Each structure stands twice: as structure tokens, then as C-alpha cells.
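Here the structure comes first, spelled out in C-alpha cells, and everything after it is commentary.
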Amino acid sequence: MIELNPLLIFFAAIFTNNMIFSYFLGMCSFISVSNEIPTSLGLGQAVTFVLTFTTIANYLLYHYVLVPLGLEYLRFIIFIISIAAFVQLLEMVVEKYFPNLYYALGIFLPLITVNCAILGVSLFMVIRQYTFLQSLAFGVGSGIGWTLAIVAMAGIKQRLKRAIIPKGLEGPGITLIITGLMALAFVGFSGIVQIQ
Amino acid sequence: MAKDSVKDIFKMGIWDDNPIFRQIIGICSTLAATNLMKNSLIMGLGLIFTTAFSELTVSIIRKFTPKHIRMMVQVLIISVYVIIVDIFLQAYYPEMSKALGPYVGLIITNCIIMGRCEAYAQNNPPLHSFLDGIASGAGYTIILLTIAFIRELLGFGTVFGVKVLGDWWTNWTIMVMAPGAFFVLAVVVWVARSITMKEEKKEEVATS
Numbered sequence: 001m002i003e004l005n006p007l008l009i010f011f012a013a014i015f016t017n018n019m020i021f022s023y024f025l026g027m028c029s030f031i032s033v034s035n036e037i038p039t040s041l042g043l044g045q046a047v048t049f050v051l052t053f054t055t056i057a058n059y060l061l062y063h064y065v066l067v068p069l070g071l072e073y074l075r076f077i078i079f080i081i082s083i084a085a086f087v088q089l090l091e092m093v094v095e096k097y098f099p100n101l102y103y104a105l106g107i108f109l110p111l112i113t114v115n116c117a118i119l120g121v122s123l124f125m126v127i128r129q130y131t132f133l134q135s136l137a138f139g140v141g142s143g144i145g146w147t148l149a150i151v152a153m154a155g156i157k158q159r160l161k162r163a164i165i166p167k168g169l170e171g172p173g174i175t176l177i178i179t180g181l182m183a184l185a186f187v188g189f190s191g192i193v194q195i196q
Numbered sequence: 001m002a003k004d005s006v007k008d009i010f011k012m013g014i015w016d017d018n019p020i021f022r023q024i025i026g027i028c029s030t031l032a033a034t035n036l037m038k039n040s041l042i043m044g045l046g047l048i049f050t051t052a053f054s055e056l057t058v059s060i061i062r063k064f065t066p067k068h069i070r071m072m073v074q075v076l077i078i079s080v081y082v083i084i085v086d087i088f089l090q091a092y093y094p095e096m097s098k099a100l101g102p103y104v105g106l107i108i109t110n111c112i113i114m115g116r117c118e119a120y121a122q123n124n125p126p127l128h129s130f131l132d133g134i135a136s137g138a139g140y141t142i143i144l145l146t147i148a149f150i151r152e153l154l155g156f157g158t159v160f161g162v163k164v165l166g167d168w169w170t171n172w173t174i175m176v177m178a179p180g181a182f183f184v185l186a187v188v189v190w191v192a193r194s195i196t197m198k199e200e201k202k203e204e205v206a207t208s
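Line by line, the protein sequences are chains A and B. According to this note's numbering, the first sequence holds residues 1 to 196 in order. According to this note's numbering, the second sequence holds residues 1 to 208 in order.
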């Protein structure tokens with residue numbers, strides 16, 4: 001494994017290795033919640049926030065609990081529990097201390113547990129053997145990349161409302177085609193930085 | 001509901017209620033594994049196994065699970081089966097396990113399994129749930145293979161790694177890359193929707 005600068009990973013996670021456009025992660029909410037810009041921005045922020053902290057938590061859990069005990073194969077269960085627990089905890093803390101934020105994010109928080117991007121980032125972190133700083137950069141970058149994608153999508157969808165679309169293609173169909181076109185545009189970034 | 005015949009369950013899972021193009025769920029892992037037909041097949045088999053056994057287990061213990069923690073219980077059951085799949089692949093098909101990378105683990109967050117456990121296994125006897133799991137998984141696998149077939153044929157000129165198109169064929173690199181997956185899935189959804197819409201129209205005419 002070549003030592004990669006965390007900053008490099010951060011930008012790569014946003015542009016060249018975008019969670020949606022190159023790994024297809026987090027598609028469910030990407031397709032169904034991308035109708036308005038403010039809502040998708042809210043969801044994006046919530047995802048970035050959760051992604052940052054669960055990546056830290058899962059890194060610590062994996063390297064300081066599972067590896068010393070030789071229980072690496074339990075990582076799926078541990079990661080998903082830690083994500084679910086964190087989301088629950090976050091919901092309670094935010095409700096108590098930041099009511100404004102709670103009303104802004106409220107409905108999205110429970111949705112995040114089943115967002116595959118969160119579990120995906122944790123699994124990528126283990127497979128690519130990132131160090132702590134690299135994992136952190138990867139988590140934050142992936143969150144921002146995801147937000148960028150969903151907000152851009154919402155913007156395009158708003159313009160699309162008045163367009164005439166073939167009947168069978170309405171809804172998810174056209175969303176997928178637009179995603180394809182956006183992914184094509186993001187392929188253009190791939191010369192800048194590459195991580196594997 | 002409990003009287004669903006085996007045929008009905010399969011028809012529902014594969015066509016009427018197909019998880020991908022009718023409900024548009026579980027597509028994260030669909031797309032990632034479709035660059036080669038072999039990957040899709042393994043991914044599909046893993047999903048069929050996990051869905052069927054998770055539904056069976058959920059159905060068996062459905063009467064003993066307190067309602068408010070059932071989600072957590074379901075996630076844990078699913079995780080256990082996914083771990084079995086992962087360990088099996090690592091032991092017998094190490095290259096496969098490497099090629100699929102994190103996507104095997106991501107079967108856990110595949111909404112299809114949760115969705116079927118919640119919608120079907122909670123209220124139906126074990127055997128029916130087991131069959132429902134196989135049917136939904138099969139519906140998913142068929143779509144996966146269709147997409148993989150198109151992508152592999154156009155992208156590499158091969159089917160299951162066997163060359164079918166001659167030297168005159170220029171590989172469409174875009175099909176191997178991510179955008180290709182989105183376009184192919186969109187077309188598959190489009191075709192399937194058009195067909196079902198026609199069927200519905202016919203039924204309407206017939207009933208009126």
C-alpha cells in the first residue's frame with residue numbers, strides 16, 4: 001500500500017471516486033429524496049455528519065477491539081450496530097441541544113442507517129487499510145461528494161418538471177439516465193487524482 | 001395471504017413485484033457487480049441465499065420477537081447470513097471475494113432483504129417465506145444478469161468470459177465504466193415499465 005496524502009484522498013473521494021458516480025452507493029435515497037434542493041442539502045449534511053463520526057468510531061472499533069481479539073469476520077455486524085447506535089444517539093443529542101437543527105434534519109436521520117454509503121465507506125476503509133487520518137479524510141470527502149451529487153441532481157430535477165418525457169421513463173428511469181450523464185461528466189475528473 | 005401457491009409466489013417475485021424495476025430498491029449493489037456476468041451470478045446467488053434464509057429465520061421467530069426491536073433483530077439475522085456468504089467466498093473463491101470487495105458486505109444494507117422480511121416474513125409461515133425469499137432473489141438475479149450481459153457483451157465482446165464477438169468488434173469502454181451501468185439499467189427499467197403499462201391497459205379494456 002502506497003502512503004497517500006490524506007488531502008489527496010479527500011479530493012479523490014469528492015471528485016474522482018465519488019460514492020454515487022463510481023461506486024453506486026447510497027442510490028436509494030439519491031433517487032427518492034432528490035426532488036428539492038433544500039431537502040437534499042439537508043440530507044446531504046446529515047449524511048456527511050454521520051459519515052464523519054461513524055468512520056472514526058468504526059476505525060477505532062476495528063483496530064482496537066476486533067483486530068486484537070482476532071474477530072475481524074464480525075466486522076459487518078459491529079459496523080452496522082455502531083452505525084445504528086450512532087444515528088440513534090445523534091438523534092437524541094441533536095433533539096435536546098440543537099432543536100433548530102433537529103427540525104431541519106429530523107426526518108432524515110433514521111433514513112441514514114440504511115444508506116449504503118455509510119457502511120460502504122467503513123468497509124472500504126478496512127479493505128484499503130487506511131490509517132486514521134486517511135480514513136477521516138475519506139469519510140468527510142465521501143460525505144461532501146455525496147452531498148454535491150444529490151444537490152446537483154435536485155437542481156436538474158427541478159428544471160425537468162416541465163419537460164416531456166416518454167411515459168415509461170418517468171420517475172426513476174429518467175433519474176438514472178441523468179445520473180449516467182453526470183457520472184460521464186465526473187469521469188472527466190479522473191485524470192486529476194486516482195486512489196484504489 | 002398464507003394460501004399463496006408456490007407458482008404465485010414466484011410470479012410475484014420475478015415479474016409482478018420485481019424488486020428492481022417495480023420498486024427501485026436495492027440497486028446499489030446491483031450496479032456495482034454488473035461489469036462481468038460471473039460477478040453478477042455470484043452476487044445474485046449470495047443474495048438469494050441471504051434473502052431466503054433470513055426470511056426463513058425471521059418467519060420462524062416472528063411470534064417471539066417483540067415488535068419494537070424487530071428491525072434490529074432482522075438486521076442482525078441478515079448480518080449473520082452475509083458473514084457466512086463472505087467467509088464462504090473467501091475460503092473457496094478468493095479472487096471472487098477480492099473482485100467484489102465491499103459489495104458482499106453491502107448485501108446487509110440491500111433494502112430488498114429488509115423489505116421482504118418486513119413485508120412478507122413477518123406475517124407468513126416459514127416455508128412460504130423461504131420460497132418468497134428465493135423468488136425475490138431470483139427476480140433480482142435475473143435483472144442483474146441481463147444488465148451484466150449487455151455490459152459485458154458491448155464492453156468486452158465476451159459472455160461469461162468467452163469471446164463471442166470477433167476481432168472486428170471495438171470494445172465500448174464506456175460500458176465497463178460507471179455511466180454505462182446507469183444507462184443500461186435505465187433502459188431495462190424503461191422496457192419493463194412499458195410492457196407492464198401495456199398489460200395494465202389491456203386489463204382495463206377487458207374489465208370495462
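Note that the Cβ used here is the ideal one computed from N, Cα and C, for glycine as well. Note that this is a predicted model, so its numbers are computed, not measured.
Name, please, each residue of chain B whose Cβ falls closer than 8 Å to the Cβ of residue 22 of chain A.
-> If you number the first sequence from 1, residue 22 of chain A lands on position 22. Going along chain B in sequence order, the residues near residue 22 of chain A (Cβ under 8 Å) are 178.
Please go through the same chain and pick out, in chain order, the residues whose beta-carbon is closer than 7 Å to the beta-carbon of residue 117 of chain B, but skip the five residues on each side of it.
-> Here residue 117 of chain B refers to the residue found at position 117 of the second sequence. When the five nearest sequence neighbours on each side are left out, the beta carbons in the same chain lying within less than 7 Å of the beta carbon of residue 117 of chain B are those of 54, 55, 58, 74, in order along the chain.
When we look at the beta-carbon of residue 43 of chain B and count the other beta-carbons within 10 Å, is it buried (16 or more) or exposed?
-> What you label residue 43 of chain B is simply residue 43 of the second sequence in a count that begins at 1. When all chains shown are included, residue 43 of chain B counts as buried.
So does the stretch 6 to 24 of chain A actually touch the stretch 180 to 193 of chain A, counting three or more Cβ pairs closer than 8 Å?
-> With the cut-off at 8 Å, the stretch 6 to 24 of chain A and the stretch 180 to 193 of chain A touch.
What residues in the stretch 32 to 66 of chain A bring their beta carbon closer than 7 Å to a beta carbon of chain B?
-> none
Is there contact here, the stretch 148 to 160 of chain B with the stretch 125 to 137 of chain A, by at least three beta-carbon pairs under 8 Å?
-> In short, these stretches do not touch, since the Cβ pair count stays below three.
Using DSSP bridges, identify the partner residues of residue 163 of chain B.
-> Locating residue 163 of chain B in the second sequence gives position 163, counting from the first residue. The partner list for residue 163 of chain B (beta bridge, DSSP) reads B/158.
Can residue 187 of chain A and residue 112 of chain A be called in contact, C-beta distance under 8 Å?
-> By 1-based counting over the first sequence, the position of residue 187 of chain A is 187. By 1-based counting over the first sequence, the position of residue 112 of chain A is 112. No. Outside cutoff.
Helix or strand or just coil, what does DSSP make of residue 177 of chain B?
-> As a first step, residue 177 of chain B is located in the second sequence; it is residue number 177 there, counting from the start. Three-state DSSP puts residue 177 of chain B in coil, outside helix and strand.
For the stretch 140 to 173 of chain A, which residues have a beta carbon sitting closer than 9 Å to at least one beta carbon of chain B?
-> 166, 167, 168, 169, 170, 171, 172, 173
By a C-beta neighbour count over all protein chains shown, 10 Å radius and 16 as the cutoff for buried, is residue 170 of chain B buried or exposed?
-> As a first step, residue 170 of chain B must be located in the second sequence, where it is residue number 170. By the neighbour-count rule (16 or more Cβ atoms within 10 Å), residue 170 of chain B is not buried but exposed.
For residue 185 of chain B, which of A/185, A/80, A/184, A/172 has the nearest alpha-carbon?
-> Along the second sequence, one-based indexing puts residue 185 of chain B at 185. Of A/185, A/80, A/184, A/172, the residue nearest in Cα terms is A/172.
In angstroms, rounded to a whole number, what distance separates the CA positions of residue 125 of chain A and residue 100 of chain B?
-> Locating residue 125 of chain A in the first sequence gives position 125, where the first residue counts as 1. Locating residue 100 of chain B in the second sequence gives position 100, where the first residue counts as 1. One C-alpha to the other measures close to 15 Å.
Pull up the distance between the alpha-carbon of residue 131 of chain B and that of residue 107 of chain B, whole angstroms please.
-> The residue you call residue 131 of chain B lines up with position 131 of the second sequence. The residue you call residue 107 of chain B lines up with position 107 of the second sequence. When rounded, the distance between both Cα atoms is 19 Å.
Please look up how many angstroms separate the CB atoms of residue 109 of chain B and residue 119 of chain A, rounded, as I've assumed it's under 8 Å.
-> Taking the second sequence and counting its residues from 1, the one referred to as residue 109 of chain B is at position 109. Taking the first sequence and counting its residues from 1, the one referred to as residue 119 of chain A is at position 119. Correct: roughly 5 Å between the Cβ atoms.
Mind the definition here: the stretch 154 to 166 of chain A touches the stretch 86 to 94 of chain A only if three or more C-beta pairs lie below 8 Å; say whether that holds.
-> no
8 Å Cβ shell around residue 155 of chain A - same chain, five flanking residues per side excluded | Numbered from its first residue, the first sequence carries residue 155 of chain A at position 155. These residues qualify, in order along the chain: 37.
So which of A/175, A/163, A/138 has the shortest CA-CA distance to residue 53 of chain A?
-> Locating residue 53 of chain A in the first sequence gives position 53, counting from the first residue. Answer by Cα proximity: A/138.
With C-beta atoms as the reference, is residue 73 of chain A less than 8 Å away from residue 87 of chain B?
-> On the first sequence, residue 73 of chain A is found 73 positions in, with the first residue counted as 1. On the second sequence, residue 87 of chain B is found 87 positions in, with the first residue counted as 1. Note that the C-beta distance between residue 73 of chain A and residue 87 of chain B is below 8 Å.
Using 8 Å as the limit for Cβ to Cβ distance, is residue 1 of chain A near chain B?
-> As a position in the first sequence, residue 1 of chain A is number 1, starting the count at 1. The predicted model places residue 1 of chain A with a pLDDT of 45, which falls under 50 and marks its position as unreliable, so this point remains unresolved.
Same chain, Cβ closer than 6 Å to residue 1 of chain A, neighbours up to 5 away in sequence not counted = Numbered from 1 along the first sequence, position 1 holds the residue referred to as residue 1 of chain A. Model confidence at residue 1 of chain A stands at a pLDDT of 45, short of 50, so the residue's coordinates are unreliable; what they give is reported in the following sentence. Counting only Cβ-Cβ distances below 6 Å, and skipping sequence neighbours, we find 129.
Helix, strand or coil: which one does DSSP assign to residue 126 of chain B?
-> In the second sequence, the residue the question calls residue 126 of chain B occupies position 126. Helix, per DSSP.
Taking DSSP as the reference, what is the three-state secondary structure of residue 103 of chain B?
-> Residue 103 of chain B sits at position 103 when you count from the first residue of the second sequence. Three-state result, residue 103 of chain B: helix.
Every unbroken alpha helix (DSSP H) within the stretch 11 to 67 of chain A, with a cutoff of 4 residues, ordered by chain = The stretch 11 to 67 of chain A contains these whole alpha helix (DSSP H) runs: 19 to 23, 27 to 32, 37 to 61.
I think residue 174 of chain A touches residue 165 of chain A, with their Cβ atoms under 8 Å apart; what is that distance to the nearest whole Å?
-> As a working note, residue 174 of chain A is residue 174 in the first sequence. As a working note, residue 165 of chain A is residue 165 in the first sequence. The pair is a contact, with the Cβ atoms about 5 Å apart (cut-off 8 Å).
Kindly indicate which residue of A/23, A/71, A/85 has the alpha-carbon position closest to the one of residue 71 of chain B.
-> In the second sequence, the residue the question calls residue 71 of chain B occupies position 71. Here the closest residue by C-alpha is A/85.
Can you list the residues of chain B that residue 203 of chain A reaches, using a CB-CB cut of under 8 Å?
-> With chain A represented from 1 up to 196, any question about residue 203 of chain A goes unanswered, as that position is not in the structure.
Assign residue 64 of chain A to buried or exposed, taking buried as 16 or more other Cβ atoms, counted over all protein chains shown, within 10 Å of its Cβ.
-> By one-based count along the first sequence, residue 64 of chain A stands at place 64. With fewer than 16 Cβ atoms within 10 Å of its Cβ, residue 64 of chain A is classed as exposed.
For residue 152 of chain B and residue 37 of chain B, believed in contact at Cβ under 8 Å, the rounded distance = As a working mapping, residue 37 of chain B is identified with position 37 in the second sequence. As a working mapping, residue 152 of chain B is identified with position 152 in the second sequence. Between residue 152 of chain B and residue 37 of chain B the Cβ distance is about 5 Å, and since that is below 8 Å, they are a contact.
Which two residues bound the contiguous alpha helix (DSSP H) that contains residue 11 of chain B?
-> Here the question's residue 11 of chain B lines up with position 11 in the second sequence. 6 to 11 is the span of the alpha helix (DSSP H), which, as asked, contains residue 11 of chain B.
Cutoff 7 Å; reference residue 116 of chain A; Cβ partners in own chain excluding five residues on either side = The residue given as residue 116 of chain A occupies position 116 in the first sequence. 25, 26.
I think residue 109 of chain A touches residue 105 of chain B, with their Cβ atoms under 8 Å apart; what is that distance to the nearest whole Å?
-> As a first step, residue 109 of chain A must be located in the first sequence, where it is residue number 109. As a first step, residue 105 of chain B must be located in the second sequence, where it is residue number 105. The Cβ separation is near 23 Å, so there is no contact.
Is residue 146 of chain A helix, strand or coil by DSSP?
-> Position 146 of the first sequence holds residue 146 of chain A. In this structure, DSSP gives residue 146 of chain A a helical state, which the three-state scheme calls helix.
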